[in-house]
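**Student:**
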Amino acid sequence: MDAVGKPFALKRKERLLEPGNICRFEAFITKGVLRSYTTDAKGSEHTNQLAFEDHWVGDLYSSATNTPSMLCIEAIEPSEGVLFNRADMEQLYQTIPAMNTVMRILLQNAYVALQRRHNATLSISAEERYLHLLNYQPNIIQRVPLVHIASYLGITPESLSRIRRQLKHA
Numbered sequence: 012m013d014a015v016g017k018p019f020a021l022k023r024k025e026r027l028l029e030p031g032n033i034c035r036f037e038a039f040i041t042k043g044v045l046r047s048y049t050t051d052a053k054g055s056e057h058t059n060q061l062a063f064e065d066h067w068v069g070d071l072y073s074s075a076t077n078t079p080s081m082l083c084i085e086a087i088e089p090s091e092g093v094l095f096n097r098a099d100m101e102q103l104y105q106t107i108p109a110m111n112t113v114m115r116i117l118l119q120n121a122y123v124a125l126q127r128r129h130n131a132t133l134s135i136s137a138e139e140r141y142l143h144l145l146n147y148q149p150n151i152i153q154r155v156p157l158v159h160i161a162s163y164l165g166i167t168p169e170s171l172s173r174i175r176r177q178l179k180h181a
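Here it is, written out as structure tokens:
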């Protein structure tokens, strides 16, 4: 896959995608953590995805519709990976036909995860969401600032601090 894609390296806070640009890639993360987020009219950031090693990140909507992205994709820590554009992916599908199935399964899994996260936001408490995140990504506290974790959970940093304090004393 490295022969088809284009390697990238980002410093902390360096961006892979700027809002307003058309996303013409999907990125596979080999090292580091990237954050995908939007900024609302009041300037508040809302984290959509925290992409760790062996995860994909991009803006499928922008890429598929050829429209400007609303997302910013930024490195939380020094990060590396491989960028794949549509032509790269088509070449992969031709060279390795099984990649078509692999990508379909990855897309399906991403949609299931998105749906699960959306349902969790509507149906379980912020504390339960936080505990689930810690279970899924145990070292997240060491790698991602609490403000971004709170944003990802859809709560304020103050609420996250309160939850962490209550769990510490439980």
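Count along the sequence shown starting at 1, add 11, and that's the number in our numbering. For glycine and all other residues, C-beta sits at the position ideal for the given N, C-alpha and C.
#1: E37 and G69: beta carbons closer than 9 Å?
#2: Here's a check: name, in chain order, each residue in its chain whose Cβ is nearer than 6 Å to the Cβ of P18, leaving out the five neighbours to either side.
#3: Using beta-carbon positions only, say whether L82 and P30 come within less than 9 Å of one another.
#4: On the criterion of 16 or more Cβ atoms from any shown chain inside 10 Å, does N59 qualify as buried, or is it exposed?
#5: Could you tell me the boundaries of the alpha helix (DSSP H) in which S74 lies?
#6: Would you mind stating whether S73 and L45 have Cβ atoms separated by less than 9 Å?
#7: Output yes or no for whether 9 Å exceeds the beta carbon distance between A86 and L27.
#8: Based on Cα-Cα distance, which residue from R154, I116, E139, A75 lies nearest to A62?
#9: In the DSSP output, which residue or residues are listed as bridge partners for Y147?
#10: Bridge partners of F19, per DSSP?
#11: With a threshold of 16 other CB atoms inside 10 Å of the CB of S172, please say whether the residue is buried or exposed.
**Tutor:** In short, the structure shows the following:
#1: Contact flag set, yes.
#2: V93
#3: Yes, Cβ-Cβ distance for L82 and P30 is below 9 Å.
#4: buried
#5: 71–76
#6: no
#7: yes
#8: R154
#9: Bridge partners of Y147: none, in fact.
#10: G92
#11: With fewer than 16 other Cβ atoms within 10 Å, it is exposed.
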